[in-house]
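Q: Below are the structure tokens for one structure; questions will follow.
2 protein chains.
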Amino acid sequence: MATILVIEDDARILKALERLFVAENFDFRTATDGADGLKLAASAAPDAVILDLMLPGLSGREICRTLKQSLPETPVIILSAISEVADKVLLLELGADDYVTKPFSPRELLARVQAAIRRSKRSRVRPTVAFGDVEVDFARMQATRRGSQVALTAHEFKLLRFFLDNPERVLTREELLNEVWGYNSYPSTRTVDNQILKLRQKLESNPAEPVHFCTVHGAGYRFIPAPQ
Amino acid sequence: MATILVIEDDARILKALERLFVAENFDFRTATDGADGLKLAASAAPDAVILDLMLPGLSGREICRTLKQSLPETPVIILSAISEVADKVLLLELGADDYVTKPFSPRELLARVQAAIRRSKRSRVRPTVAFGDVEVDFARMQATRRGSQVALTAHEFKLLRFFLDNPERVLTREELLNEVWGYNSYPSTRTVDNQILKLRQKLESNPAEPVHFCTVHGAGYRFIPAPQ
DNA sequence: ATTCGCTTGTCATCAGATTGTCAAAAGCGG
DNA sequence: CCGCTTTTGACAATCTGATGACAAGCGAAT
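Protein chains in written order, with numbering that gives the first Met the number 0: chain Z, 0 to 227; chain W, 0 to 227.
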């Protein structure tokens with residue numbers, strides 16, 4: 000199973016995270032300050048690191064930078080109060096792969112960690128995920144197709160992320176509406192079709208005959224990362 | 000159908016929830032205090048628990064913690080006033096999987112419960128079923144015969160699933176129409192034959208002499224997973 | 001064994017449902 | 001207020017499932 004290292008000084012959060020990740024069969028390691036964290040990261044070789052930006056001793060930013068220098072391929076997920084990441088550019092500078100703001104939902108954190116690990120396993124170089132001739136960088140909210148930039152909107156990204164997190168599975172329109180749009184909004188199912196249409200137009204080689212974003216008539220849609 | 004346990008002391012809310020979930024064919028169980036709730040959770044093995052944080056007797060938090068210890072697989076959805084969950088970290092600490100704040104929309108609660116059940120099942124259910132030289136993956140809605148892809152429609156999958164759930168048993172056309180097509184539609188029995196025909200053509204080695212989808216003259220059909 | 005009556009297999013066709021697509025309206029943030 | 005994103009509604013294109021006709025198969029009685 001995967002190993003995860005959490006660098007965090009709040010005991011409450013540590014305990015909560017332990018419960019969450021142990022339930023998912025992670026090998027769970029912790030450090031309560033930066034120095035410890037860096038040592039453990041070197042010895043335990045975790046598959047991902049969750050890092051609180053607010054720590055005693057070394058600053059979280061410093062730790063992140065150092066981590067990324069010694070273990071560039073290990074994904075780092077930043078845990079922080081909203082105000083601290085008002086500027087996302089900062090996170091990119093730090094080399095972080097993703098971030099979750101406090102207060103956060105357990106599910107979301109888990110999903111992001113798992114996605115980060117998946118991503119890092121697939122391509123050990125950058126925090127990007129690729130399918131077909133498309134490359135997606137979630138940290139930068141950018142996508143490229145055959146090397147050229149494709150602009151995606153916030154919703155399109157959310158939808159794309161959900162597809163990437165649930166490859167091959169048939170996802171019903173309702174499931175997509177619930178998970179991507181949220182439980183409080185009730186757009187018509189036509190909205191989903193339109194959003195799919197956009198993804199196809201932007202990311203498929205031939206939008207008329209989608210290879211990745213496939214229709215399953217009478218059921219919903221299925222994302223297929225690699226055709227064939 | 001799925002079983003749901005609601006631990007809640009407000010009779011009005013209980014009644015509302017009962018209407019909601021019974022209409023969706025849930026097996027609906029209730030407890031009005033924590034001790035009862037824990038007992039019922041152990042005996043009824045619900046697929047999900049809805050828990051009010053404000054209860055007489057044991058505190059909701061205590062109940063949640065205990066629930067998660069005894070039944071870590073069972074998703075718990077917290078029901079609470081807004082002020083009680085100002086801090087989502089608290090919920091994480093409790094081990095809850097999701098939460099809804101009062102006043103809540105019935106539809107949202109229902110959606111969240113269903114999503115939670117889906118998620119919990121996704122992680123433990125074996126994804127594929129096999130019979131003869133056929134392999135079926137319901138999550139992906141794909142089937143293969145001797146390793147090669149077979150395209151099945153949504154209805155065909157429904158029918159196939161019902162057969163797989165009721166192997167060896169003779170199923171009358173009426174039974175199939177009710178269970179697979181639903182109680183509201185009344186197609187002729189010829190429709191069933193046609194659907195069976197399709198399954199045979201797609202999944203049988205020799206459709207003319209079916210081995211799995213067998214006719215029981217004068218009665219209906221019987222599914223036989225392993226011939227002989 | 002043959003025949004008759006009923007049940008089932010099979011096919012082409014058509015109506016209905018589902019989805020793709022577009023343009024206009026409604027939101028939304030700056 | 002403007003420009004962009006999202007949603008909606010309408011229509012076309014597509015696919016699916018239901019239907020009915022007819023052939024073939026089965027079982028029982030002759």
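All residues carry an ideal CB built from backbone N, CA and C; glycine is no exception. It should be emphasised that the depicted structure is a prediction, and the values quoted were computed from it without experimental measurement.
Taking residue 96 of chain W as the query, report the chain Z residues whose CB atoms sit under 9 Å from its CB, ordered along the chain.
A: If you number the second sequence from 1, residue 96 of chain W lands on position 97. Within 9 Å Cβ-Cβ: 105, 106.
Q: Do you know how far the Cα of residue 97 of chain Z is from the Cα of residue 75 of chain Z?
A: The residue given as residue 75 of chain Z occupies position 76 in the first sequence. The residue given as residue 97 of chain Z occupies position 98 in the first sequence. Approximately 7 Å between the Cα atoms of the pair.
Q: Does the region 213-224 of chain Z come close enough to the region 24-34 of chain W to have 3 or more Cβ pairs within less than 8 Å?
A: Contact between the region 213-224 of chain Z and the region 24-34 of chain W is absent, because fewer than three Cβ pairs lie under 8 Å.
Q: Output the boundary residues of the alpha helix (DSSP H) element that contains residue 69 of chain W.
A: As a working note, residue 69 of chain W is residue 70 in the second sequence. Looking at the DSSP string, the run of the alpha helix (DSSP H) that includes residue 69 of chain W is 59-69.
Q: Give me the Cα-Cα distance between residue 170 of chain W and residue 221 of chain W, rounded to the nearest whole angstrom.
A: Residue mapping note: residue 170 of chain W aligns to position 171 of the second sequence, counting from 1. Residue mapping note: residue 221 of chain W aligns to position 222 of the second sequence, counting from 1. C-alpha separation (whole angstroms): 6 Å.
Q: State yes or no: is the C-beta of residue 116 of chain Z within less than 8 Å of the C-beta of residue 1 of chain Z?
A: Residue numbering aside, residue 116 of chain Z sits at position 117 when the first sequence is read from its first letter. Residue numbering aside, residue 1 of chain Z sits at position 2 when the first sequence is read from its first letter. Yes, these two residues count as a Cβ contact at 8 Å.
Q: If you run the structure through DSSP and keep just helix, strand and coil, what is residue 208 of chain W?
A: Your numbering for residue 208 of chain W matches position 209 in the second sequence. Here residue 208 of chain W sits in coil by DSSP.
Q: Between the region 35-46 of chain W and the region 61-73 of chain W, are three or more C-beta pairs nearer than 8 Å?
A: Short answer: they touch.
Q: Which residues in chain W have a C-beta closer than 9 Å to the C-beta of residue 17 of chain Z? List them in chain order.
A: On the first sequence, position 18 is the one that residue 17 of chain Z refers to. None at all; the shortest Cβ gap to chain W is about 10 Å.
Q: For a test of the three-state rule: what should DSSP assign to residue 56 of chain W, helix, strand or coil?
A: Along the second sequence, read from residue 1 onward, the residue named residue 56 of chain W stands at position 57. Residue 56 of chain W falls in the coil class under three-state DSSP.
Q: Which whole-angstrom value describes the C-beta separation of residue 186 of chain W and residue 176 of chain W, a residue pair presumed to lie in contact below a C-beta threshold of 8 Å?
A: The residue given as residue 186 of chain W occupies position 187 in the second sequence. The residue given as residue 176 of chain W occupies position 177 in the second sequence. With a Cβ gap of about 7 Å, residue 186 of chain W and residue 176 of chain W count as contacting.
Q: Would you identify the three-state DSSP class for residue 223 of chain W, choosing helix, strand or coil?
A: Locating residue 223 of chain W in the second sequence gives position 224, counting from the first residue. Correct three-state label for residue 223 of chain W: coil.
Q: Mind checking whether residue 130 of chain Z and residue 140 of chain Z have CB atoms under 8 Å apart?
A: Within the first sequence, numbered from 1, the residue matching residue 130 of chain Z stands at position 131. Within the first sequence, numbered from 1, the residue matching residue 140 of chain Z stands at position 141. No, the pair does not count as a contact, with Cβ atoms beyond the cut-off.
Q: Could one say the Cβ of residue 139 of chain W lies closer than 8 Å to chain Z's Cβ atoms, at least one of them?
A: In the second sequence, residue 139 of chain W corresponds to position 140, counting from 1. Interface residue, yes.
Q: Compare the C-alpha of residue 45 of chain W against each of W:18, W:173, W:119 and name the closest.
A: For the purposes of this step, residue 45 of chain W is taken as residue 46 along the second sequence, with counting starting at 1. Looking at the Cα atoms, W:119 is the closest of the given residues.
Q: So, helix, strand or coil for residue 2 of chain W, using DSSP?
A: Residue numbering aside, residue 2 of chain W sits at position 3 when the second sequence is read from its first letter. In this structure, residue 2 of chain W counts as strand in the three-state DSSP scheme.
Q: Measure the alpha-carbon distance for residue 208 of chain Z versus residue 13 of chain W and round it to whole angstroms.
A: Looking up residue 208 of chain Z in the first sequence gives position 209. Looking up residue 13 of chain W in the second sequence gives position 14. Approximately 49 Å, taken between the alpha carbons.
Q: I need the DSSP call for residue 104 of chain W, collapsed to helix, strand or coil.
A: For this step, residue 104 of chain W is matched to residue 105 along the second sequence. Three-state DSSP puts residue 104 of chain W in coil, outside helix and strand.
Q: Looking at chain W, is there any beta carbon in it that lies within less than 8 Å of the beta carbon of residue 215 of chain Z?
A: Residue 215 of chain Z sits at position 216 when you count from the first residue of the first sequence. At least one chain W Cβ lies under 8 Å of residue 215 of chain Z.
Q: Does any CB atom of chain W fall closer than 8 Å to the CB of residue 5 of chain Z?
A: Residue numbering aside, residue 5 of chain Z sits at position 6 when the first sequence is read from its first letter. No, because no Cβ of chain W sits closer than 8 Å to the Cβ of residue 5 of chain Z.
Q: Please confirm whether residue 233 of chain W has its beta-carbon closer than 8 Å to some beta-carbon of chain Z.
A: Lying before the first or after the last residue shown, residue 233 of chain W is absent from chain W, which here runs from 0 to 227.
Q: Using a C-beta to C-beta distance shorter than 7 Å, which residues of chain W count as neighbours of residue 218 of chain Z?
A: Translated into the one-based positions of the first sequence, residue 218 of chain Z becomes position 219. The contacting residues are 140, 153.
Q: Within 10 Å of its beta-carbon, does residue 124 of chain Z have 16 or more other beta-carbons around it, so buried, or fewer, so exposed?
A: Residue 124 of chain Z sits at position 125 when you count from the first residue of the first sequence. Note that residue 124 of chain Z has pLDDT 47, beneath the 50 cutoff, so the model's placement of it is unreliable and no number is given.
Q: What do you get for residue 4 of chain Z, buried or exposed, if any count of 16 or more other CB atoms within 10 angstroms of its CB means buried?
A: What you label residue 4 of chain Z is simply residue 5 of the first sequence in a count that begins at 1. Buried, by the Cβ-count rule.
Q: Would residue 182 of chain W be called buried (16 or more neighbouring beta carbons within 10 Å of its own) or exposed?
A: Here residue 182 of chain W refers to the residue found at position 183 when the second sequence is read from its first residue. Under this definition residue 182 of chain W is an exposed residue.
Q: Closest by CA to residue 184 of chain Z, which one among W:184, W:20, W:149, W:106?
A: Locating residue 184 of chain Z in the first sequence gives position 185, counting from the first residue. When only C-alpha atoms are compared, the closest one is W:106.
Q: Does the beta-carbon distance from residue 73 of chain W to residue 41 of chain W come in below 8 Å?
A: By one-based count along the second sequence, residue 73 of chain W stands at place 74. By one-based count along the second sequence, residue 41 of chain W stands at place 42. In this structure, residue 41 of chain W does not lie closer than 8 Å to residue 73 of chain W by Cβ.
Q: Determine whether the beta carbon atoms of residue 94 of chain W and residue 145 of chain Z lie at a separation below 8 Å.
A: Locating residue 94 of chain W in the second sequence gives position 95, where the first residue counts as 1. Locating residue 145 of chain Z in the first sequence gives position 146, where the first residue counts as 1. No, the pair does not count as a contact, with Cβ atoms beyond the cut-off.
Q: Quick check on the DSSP output: the alpha helix (DSSP H) that includes residue 247 of chain W runs from which residue to which?
A: The requested residue 247 of chain W is not part of the displayed model; chain W covers only 0 to 227.
Q: Under 8 Å, do residue 110 of chain Z and residue 51 of chain Z count as touching if we go by C-beta distance?
A: Looking up residue 110 of chain Z in the first sequence gives position 111. Looking up residue 51 of chain Z in the first sequence gives position 52. It is not a contact, given that the beta carbons lie outside the stated cut-off.
Q: So, is the C-beta of residue 228 of chain Z closer than 8 Å to a C-beta in chain W?
A: Chain Z is shown from 0 up to 227; residue 228 of chain Z falls before or after that span and cannot be answered.
Q: With distances taken from CA atoms, which of Z:202, Z:8, Z:128, Z:211 is nearest residue 152 of chain Z?
A: Stepping through the first sequence from its first residue, residue 152 of chain Z is reached at position 153. Residue 152 of chain Z has its Cα closest to that of Z:202, out of Z:202, Z:8, Z:128, Z:211.
Q: For residue 166 of chain W, collect the residues of the same chain with a Cβ closer than 6 Å to its Cβ; drop the 5 residues on either side in sequence, then sort them by chain order.
A: In the second sequence, the residue the question calls residue 166 of chain W occupies position 167. Closer than 6 Å at Cβ, skipping near neighbours: 222, 224.
Q: Below 8 Å on the Cβ atoms is my contact criterion, and I expect residue 113 of chain Z with residue 158 of chain Z to pass it. Report the Cβ-Cβ distance as a whole number of Å.
A: Indexing the first sequence from 1 puts residue 113 of chain Z at position 114. Indexing the first sequence from 1 puts residue 158 of chain Z at position 159. Their Cβ separation, rounded to whole angstroms, is 18 Å, which puts residue 113 of chain Z and residue 158 of chain Z out of contact at 8 Å.
Q: From residue 138 of chain W to residue 199 of chain W, what distance separates their C-alpha atoms?
A: As a position in the second sequence, residue 138 of chain W is number 139, starting the count at 1. As a position in the second sequence, residue 199 of chain W is number 200, starting the count at 1. So the alpha carbons of these two residues sit roughly 22 Å apart.
Q: Please decide whether residue 84 of chain Z counts as near chain W, where near means a Cβ-Cβ distance under 8 Å.
A: In the first sequence, residue 84 of chain Z corresponds to position 85, counting from 1. Low local confidence applies: a pLDDT of 47 at residue 84 of chain Z is under 50, so the model's placement there is unreliable, with the coordinate-based value given in what follows. Not an interface residue.
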